[in-house]
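Structure first, then comments.
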Amino acid sequence: MSGAPFVSEVSLGPAPGFWTSPGFRRFRRHKLAVFGTVTIVLLTLACVFGPMLLPYTDTFIDIRSRFAVPFSGPHILGTDPLGRDILARLLMAGRISLAVGFSAMLIAMGIGIVVGMVAGFYEGAVGAVLMRFVDAMLCFPSIFLLLAISALVSPSVPSIVLLIAMTSWMEVARVVEAQIRSLKTREFAQAAVSFGASSRRIMLRELLPNAVAPIVVAATLNVAHAILAESYISFLGFGIQPPTPSWGNMLESAQSYLTSAPWLAIIPGAAITLAVTSFNFIGDGLRDALDARLD
Amino acid sequence: MIGFLIRRLGQSLLLLLIVSMIGFAILHLAPGGPLSQFAAGGEMTQADLDRIAEQLGLNRPLPVQYAEWLWRMMSGDWGRSYRDQQSVLHVITSHLGATLELMLTSTLLAMAIGAWVGILGAIKRYSLFDALATVGAMVALSIPTFWFGLVVIYVFSVGLGWLPAGNRYTVGDGSLLNQLHHLIGPCIVLALVSTAVWSRYMRSSMLDVVNQDYIRTARAKGVPERQILLRHALRNALLPMITITGLHVPTLLSGALVTETVFAWPGMGRLFLDSISYRDYPVVMGILMFSAVLVLLGSLIADLLYGVADPRISGSR
Amino acid sequence: MTINRAGWSLDLNRRDLFGLGAGALAAATSFGAQAQTTGKPNPPPPAKPKGVVVVGLSQEPVAFNPLMPGVEVDEVVWTSVFNSLWVAEPDGSLKPDLAVEVPSEANGGIAEGGLAWTVKLRNDVKWHDGTPFTAEDVKYSLELINTPGFKARTRVGHAFLKDIMVKGPHEISWRMEKAYAPYLAMLANTHIVPKHILGKAGDPNTAPFNNAPVGTGPFRWGTRQPGDNITLVANESYHGDGPYLEKAVLKYVPDMTALYAQFRTGQVDLVIISGIPANFYQEAVKLQGRKVAVAPSGNLEIIMPNLGNKAFAEKAVRQALYAAMDKQAIIDAIYYGVPKPTESFAPRESWAFNPNLPAQKRDLDKANKLLDDAGWKRSGSGTRMKNGVPLEFAVSTTTGNQLREQCQQLMQQDWQQIGAKMTINNMPAAVIWGEFYVRSKFESLLVGTTFRTGVDPDPASRFASDAIPVKGGSGGNYMQWENAEADALMKQGQETFDQEKRKAIYLKLQEIVREELPILPIFQYAPIEGVKEGLVGYRPNINQRQNAWNMGSWYWAK
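Residue numbers (our numbering), protein chains in the order written: chain A, 387 to 681; chain B, 3 to 319; chain C, 2 to 559.
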């Protein structure tokens, strides 16, 4: 991939802005990506504002109305084994799960980009040490890292974010490192060197912007992976503590009721699938949009 | 090239050492220990627990314990499991067969279906087939496997009775047919995600290749489309797949933790999960080293292949 | 990973569950001595062992030396491959197994007030390899336990042994350093190992015997597929009744929901120990060709407070929290009415059980008054404070246990109403049962545990003030409870062998514990076990840690 969007038309009109750029137009054509974006936006809005509009809170226990079936009464999506409103819990859980997904992604991207860039730019000994460090981290299965984190802190939102970030930055570093190494040999980079530009300037101003495409794609896929990872962490017992709901722990506690109250598992499962799928679509669309060769 | 290999080997050995140190430290510093399970029962008193901890050598300073472990490892003794006192190598190898069986079949299945779907999707880009395949893949990638596994058991085993509900074979019937029957459930669940991943990879790889200049040239020359696809495009599209396979080797052997738990499949993934839960230190360290060697090997192979595929990236590291 | 039992194993498995289908369980049927409910008498056992039984376990048995540390699932192997001197029956009595009769003060087997023991052994017992069993094997086993360097599971009771003498090939005697009545119960769970095999091994801890055990029991060791199953084979020259089954297969299925699925499809014949998840109960009872019922258990679900914590140190606080608990809702709603509420630390099937303890009733006014009177005033946030100490504490339990989590959340809401702020701090089993538990680092726990010494009602290791590990003691009094009156009673209970006297002592002890509340008892465990119809002989035994204890007498009716 070449990186920066390639302007295929030469025009005398006003310079193209973001919304009219070929990249964005390609993105818009990718129907699934658009669907994904819309979905995520709606989901985020629902999770942020929704709970305020509902009559029930996510933690109020009402033993007498437990296991209410969805669409059959005052609780739109039914109630859980303790009688709590599922829709309220779903939206509150969404806040947590989406927040965890984004934060984990930001941290993973941050670490991954820095490590990858430095390793790819300097190569040699520095590069070797850094990439071997990446390899070392990859040697630890994620469940082992879960153990590590649990050794230091008890399960909580920050510890889970940290854990997910720790298990996903390595791929980013790898991708970035390969990309930077490849870009370094290109003419524009060589030109910057010959101008006497400082290393930092070359890395940040010349190379990084041209590596944006794979980075952005990796970011969206990272969020998708993070949301899914949160549900696995809950499955292994290190998830968000009750009574705080998360999509992962809602799904996890619904396992035992698969046959008696399947909606308990279907609803958070659907939410996870929807969110993750949407992010994947966006990532896909971005990959196509930023891939100039397709023009 | 030789220099590169030797350097990498040296680096890898150093890495293994560091990984073992960090791993050992994390494992022993994590709260709880191999005796926690007995504290829960109430039958062993504190005096009993302390005595056993002493006998296991758990009270010695960590560096001493590590040094002893390392010394033993280097002379080939991977230690003995705290749980059944078997040698760690025996414990690992006795679970390896099950994992290989499951992972190989599911990967082959996933590659076969996924590659075909991906290639077709790339060729008929933006068609209905491509759209459905894409959506299908995305959804498959987004479903938590533990949930899916239980659904498969409930629908196909408890509900329809078509498949057994778990384990590797039915007691009393070790025939090949029976084993294959038991393999279906977990294989499908595992293959679901892999198929999606392979189809995405193949599609993107094919797309990369199909738009290259040499393909356009071949088309301009009038070479039949079919020949273009099969002879030129496919071969070049498969190359990155090999690289990715190299990287996936460690995953292959770490097993599918979750699927193995749900389907009671006696593989490495579940062994690792159980060993960590019970703080069976020797076995955990054994599996950690095992998978570390595989990761480093896979990484080395991947780098070698990148270098082969793209001469611009030389083995300058 | 769940398990609501004291067994860790249970705690490590996914999906713990109890509870079961809504409604109607209070009248949960229990297994009688007969497996058939049709009222027809059982057909006689087969002349030659035939048939196979597949036992489903949600934890893998890995410890096959009965003297080394192990959990409930390991005991399934021990009770089938080995024998002990006598066996505890469901009704509490001891039935001789390797011994000819159970020693007592009446028959002279126990003399000098408990200091001198003599046991006569059977002369028709053979090890699985044909070697005759003798008193030397008993001496070897007891001495091995006390051998420094040997990873003996427990030395409770055995540590008092001295001067073990083999009086003849089938008679053994020993002296004890002090009279210790619970030793009879301890020996019921001490299985004898062969001197001629283990005695010859270089290091008994790592001897090959530990992975290919040789015993005297109704089943001999067959094969083991690690991570999958263990096959035991009938011992045709068994000295007792049976075995009637050709083979017994112990199958490991880690996920409880999946294990239940295998029970439904018939891939396993019975589900014991962790049992069937609660929410499947209602459906399970209606399954064709299966019998599902609640089995009695000696474990109790309790809130275990740490009295080292300022709030819990006050009796008034413990009493107020107990009074505000909605036990009925917990049992009926969360656990589907299956377990029975309890006020005592002893199981109701125990001969020492006190049925006259005051019953807890949810009374928020009473709870509030108790706290007000004790000087805990409500502060601005609603949480009570006293001398700058807020009434705040955490309740911890094992993660992955849905029903316990629901229980915690219910308690949280209830206690909030009396001004107590409870937070939930759950962690995986390995962590909870480590230093957190044994060094009393917790604030409070919601756990299942037992307070007996084997089958003996003596709870000294859990309640005596010299049993607090974090204070230098060597027991299991992790609550850090110190009560002189209780200490005196427990000491007396250990020293006399007169059951009537002991019963009176333990009745009074239960009253004290109920009043002082070093533990807040919720209910007595009620695991749901399932058996395929047609299996005769399965008989739950509250005095054993698992219900395959008499697998040697099982057989298929058809």
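Idealized CB from N, CA, C, for every residue including glycine.
Pull up the CB-CB distance for residue i and residue j, whole angstroms please, since I reckon it's below 8 Å.
{"i": "R154/C", "j": "D50/B", "result": "7 Å"}
{"i": "Q407/C", "j": "L428/A", "result": "At roughly 32 Å, the Cβ-Cβ gap does not stay under 8 Å, so Q407/C and L428/A are not in contact."}
{"i": "V547/A", "j": "I493/A", "result": "7 Å"}
{"i": "A100/C", "j": "V126/C", "result": "Rounded, the Cβ-Cβ distance is 10 Å, inconsistent with contact."}
{"i": "P188/B", "j": "L104/B", "result": "6 Å"}
Can you give me the Cβ contacts of residue i inside the same chain, cut-off strictly under 7 Å, excluding the 5 residues immediately before and after it?
{"i": "L358/C", "result": "E344, S345, Q511, E512, R515"}
{"i": "F148/B", "result": "V260, V264"}
{"i": "E592/A", "result": "F574, A575, A578"}
{"i": "Q35/C", "result": "Residue confidence is low: Q35/C scores 37 on pLDDT, short of 50, so the model does not pin down where it sits. Its coordinate-derived value is still stated next. For Q35/C, where only same-chain residues beyond five positions count, the Cβ hits under 7 Å are N43."}
{"i": "V609/A", "result": "G487, F488, M491, F665"}
{"i": "L650/A", "result": "D466, A640, Y643"}
{"i": "W555/C", "result": "V54, Y245, L246, L536, V537, G538, Y539"}
{"i": "A294/B", "result": "L18, V21"}
{"i": "W482/C", "result": "L308, F464, P519"}
Please tell me whether residue i has its Cβ less than 9 Å away from any Cβ of chain C.
{"i": "I535/A", "result": "no"}
{"i": "N429/A", "result": "Note that residue 429/A is Leu in the sequence shown here, rather than Asn. No, L429/A lies away from the interface with chain C (no Cβ there is under 9 Å from its Cβ)."}
{"i": "G52/B", "result": "Here the sequence assigns Asp to residue 52/B, which means Gly is not the residue at that position. Cβ-Cβ to chain C under 9 Å: yes for D52/B."}
{"i": "S639/A", "result": "yes"}
{"i": "Y643/A", "result": "yes"}
{"i": "F624/A", "result": "yes"}
{"i": "L152/B", "result": "yes"}
Within its chain, find whatever has a CB closer than 8 Å to the CB of residue i; leave out the 5 residues flanking it on each side and keep chain order.
{"i": "G474/C", "result": "A465, S466, D467, A468"}
{"i": "K316/C", "result": "E517, L518"}
{"i": "S445/C", "result": "I304, M305, P306, N307, N310, F313, F394, A395, V396, S397"}
{"i": "G93/C", "result": "E350, S351, W352, V456, N544"}
Determine whether the Cβ of residue i lies closer than 9 Å to any Cβ atom of chain A.
{"i": "N426/C", "result": "yes"}
{"i": "I230/B", "result": "no"}
{"i": "L307/B", "result": "no"}
{"i": "T258/C", "result": "yes"}
{"i": "Q409/C", "result": "yes"}
{"i": "G401/C", "result": "yes"}
{"i": "V137/B", "result": "yes"}
{"i": "W149/B", "result": "yes"}
{"i": "Q13/B", "result": "yes"}
Taking the alpha-carbon positions, what's the residue i to residue j distance?
{"i": "P541/A", "j": "N212/C", "result": "38 Å"}
{"i": "E227/B", "j": "I529/A", "result": "48 Å"}
{"i": "Q133/B", "j": "E436/C", "result": "Note that residue 133/B is Ala in the sequence shown here, rather than Gln. Their Cα atoms are separated by approximately 55 Å."}
{"i": "E70/B", "j": "V21/B", "result": "16 Å"}
{"i": "A522/A", "j": "L18/B", "result": "8 Å"}
{"i": "H2/B", "j": "M480/C", "result": "Coverage of chain B is limited to positions 3 through 319, which leaves residue 2/B absent and any answer about it impossible."}
{"i": "G151/B", "j": "P278/C", "result": "18 Å"}
{"i": "A421/C", "j": "S483/A", "result": "30 Å"}
{"i": "S129/B", "j": "G123/B", "result": "8 Å"}
{"i": "P183/C", "j": "M287/B", "result": "41 Å"}
Could you tell me which chain D residues have their CB closer than 7 Å to the CB of residue i, listed as they occur along the chain?
{"i": "Y508/A", "result": "Included in the structure are the protein chains A, B and C, with no chain D among them."}
Checking contacts by CB at 9 Å: is residue i closer than that to chain B?
{"i": "W555/C", "result": "no"}
{"i": "N355/C", "result": "no"}
{"i": "V662/A", "result": "yes"}
Shorter than 8 Å, the distance from the beta carbon of residue i to the closest heavy atom of the ligand PLP, or not?
{"i": "R363/C", "result": "The ligand PLP is not part of this structure, which contains no ligands at all."}
CB-CB under 6 Å to residue i, same chain, minus the five flanking residues each way: which ones, in chain order?
{"i": "N66/C", "result": "N211"}
{"i": "S96/B", "result": "none"}
{"i": "V532/C", "result": "L271, K292, Y539"}
{"i": "N426/C", "result": "A395, S397"}
{"i": "F274/B", "result": "I289"}
Could you give the uninterrupted runs of the alpha helix (DSSP H) lying entirely in the stretch 358-445 of chain C, keeping only those of 4 residues or more?
365-374, 403-417, 430-433, 436-439
Return the chain-ordered ranges of every beta strand (DSSP E) run that is complete within the stretch 502-561 of chain A and spans a minimum of 3 residues.
none
Could you give the uninterrupted runs of the beta strand (DSSP E) lying entirely in the stretch 107-169 of chain C, keeping only those of 3 residues or more?
Annotation: the stretch 107-169 of chain C contains the following complete segments of the beta strand (DSSP E) (minimum length 3 residues), in chain order: 117-121, 162-169.
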